[in-house]
């Protein structure tokens, strides 16, 4: 978008030199006549309503503000041109009154105001007063004052019809420029919809360690995305190690985290289950994650997710350390790496799809109750130093009401552990839940020599023979067939498709 002038910092609100008290009248429109100077019937002093002034960051999301900045509607004060100087007696005017989405109206003046009262302006829709509760103040790229108002009455692009007019009108004249010039009572301007121009700007936020992007932390960029967004937002993350806890909340869907390179863009932290919390207790397995993904329709690509906890650094029994906790619908991870030891990847509800990714760990390092597909992935079991048991690839806790759990498709199970020392998995029954009847299928996948001949084993008194643990047409030295390694028939295998496992969702349509 060449017509947009890109900048790298999100603005903050302008410092107000003077805040004056004022009035917000509830006025009706007079019938306007050509040449009439009187637009409003009642006196501004007849009514009083308070509008709270807040920082722009409290009123406008970081992503929205970035777009306003790219349009030149908001900038840092130090980035502006020299403001125009008007002689005494020259009234301040409203240059633009724009609807900018999210119930926000931007009033741009023809100069910079030295003292500002946000209640000098009132808004009317079809002769009825619009209730305004909050406002924020900044400047545009010309150095002129812009006041953002939040309407308590819903406004959207459909509001702008021939019979549905919104007008801003000057009802007080307390605000003044540097020469003491004030606004003019009855000055008015019709609201214009600029959301089409804003929508042309890509929903893109950037993160880097060098301070040249929009944000220096991944969580900072996530926080800048408005809640309940309905469009995809890309967060591009430059190479670097980002040691921070990251949460994608449930009310922020359609987020795409995209790293510059999978090996050099790393999100990491080092909590673990038995680690004491500052406010007492321990983090527990769920609380140990480096990254939490709750938002639906999430995508991650070209990223490394890591829990860097060193198992040898402390002498505790609870060493579970999660890199990613995923719980949401239609979550995709492409060309990503998951690094940890025990409990690396916790997929605990909803549907997830992993494509051409690398997952590393030792004990139960892919676990939880999700319906998840792992296609063309490398699953690497670490050598724990044992000659008999070096861990378990999976620990599914699929509810019996769910027909499918994990499907490993065209993947590779690799390891540096001795031959015959790693199990394909064991059934996990959280808190002894008898309805957690794990479901795991390895299909058309390479199984290295580290896979033990028995394949599966029991867990916490629950037999693997009671769980739904199957294989189909695997190959490699670990792909032996015996009575413990139940194989799907050709007819049964037809049911284990990506779309079936993921409840009708086919993520490959977007690849």
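In the UniProt record's numbering, the protein residues as written are 1 to 511. Beta carbons: idealized from backbone N, C-alpha and C, even for Gly.
| Query | Result |
| --- | --- |
| Return the first residue and the last residue of the beta strand (DSSP E) that residue 212 is part of. | Premise fails: residue 212 is in no beta strand (DSSP E) and is neither H nor E. |
| Under 6 Å Cβ to Cβ from residue 412, same chain only, skipping five residues before and after it: list those, please. | 378, 446 |
| So, is residue 231 buried or exposed, given that buried needs 16 or more other C-beta atoms within 10 angstroms? | exposed |
| State the DSSP-derived secondary structure class of residue 499, mapped to helix, strand or coil. | helix |
| Hey, which unbroken runs of the beta strand (DSSP E) at 3 residues or more fall wholly within the stretch 104-133? | 104-109, 121-125 |
| On a Cα-Cα basis, can you pick out the residue from 152, 480, 354 that is closest to residue 303? | 354 |
| Cβ of residue 389 within 7 Å of any heavy atom in the ligand NAD? | Summarising the ligand content, the structure contains no ligands, and the ligand NAD is consequently not present. |
| Under 8 Å by Cβ, that's how I've got residue 109 and residue 145 pegged, so tell me the actual separation to the nearest angstrom. | 5 Å |
| Would you tell me roughly how many angstroms separate the C-alpha atoms of residue 236 and residue 218, rounded to the nearest one? | 9 Å |
| By DSSP, does residue 288 sit in helix, in strand, or in coil? | coil |
| In angstroms with no decimal places, state the Cα-to-Cα distance between residue 283 and residue 459. | 23 Å |
| Do residue 414 and residue 448 have their C-beta atoms within less than 8 Å of each other? | yes |
| What would DSSP say about residue 536, mapped onto helix, strand or coil? | This structure cannot settle anything about residue 536, because the visible part of the chain is limited to 1 through 511. |
| Could you say if the stretch 321-335 and the stretch 479-486 meet the contact criterion of at least three C-beta pairs nearer than 8 Å? | no |
| When burial is assigned at 16 or more other CB atoms within 10 Å of the CB, is residue 351 buried or exposed? | buried |
| Taking C-alpha atoms, which residue in 134, 188, 226, 239 lies nearest to residue 211? | 239 |
| Which two residues bound the contiguous beta strand (DSSP E) that contains residue 352? | 345-355 |
| So, residue 173 versus residue 183, is the Cβ gap smaller than 8 Å? | yes |
| Under the three-state reduction of DSSP, which class applies to residue 182: helix, strand or coil? | strand |
| Using DSSP bridges, identify the partner residues of residue 328. | 350 |
| How would you call residue 55, buried or exposed, if buried means at least 16 neighbouring beta carbons within 10 angstroms? | exposed |
| With a 10 Å radius around its C-beta and 16 neighbouring C-beta atoms as the bar for buried, classify residue 438 as buried or exposed. | buried |
| Check whether the Cβ atoms of residue 365 and residue 336 sit closer than 8 Å, and answer yes or no. | no |
| For the structure I just gave you, are there three or more beta carbon pairs, one from the stretch 117-135 and one from the stretch 199-211, closer than 8 Å? | no |
| In whole angstroms, give me the CA-to-CA distance for residue 118 and residue 361. | 58 Å |
| Among 457, 454, 259, which has the Cα closest to the Cα of residue 242? | 259 |
| Between residue 475 and the rest of its own chain, which residues show a CB-CB distance below 7 Å, the 5 nearest in sequence each way excluded? | 446 |
| For residue 153, which residues in the same chain have their Cβ closer than 8 Å to its Cβ, ignoring the five residues on either side in sequence? | 103, 125, 130, 131 |
| In three-state DSSP terms, what is residue 188? | strand |
| Measure the CB-CB distance between residue 430 and residue 386 and report whether it falls below 8 Å. | no |
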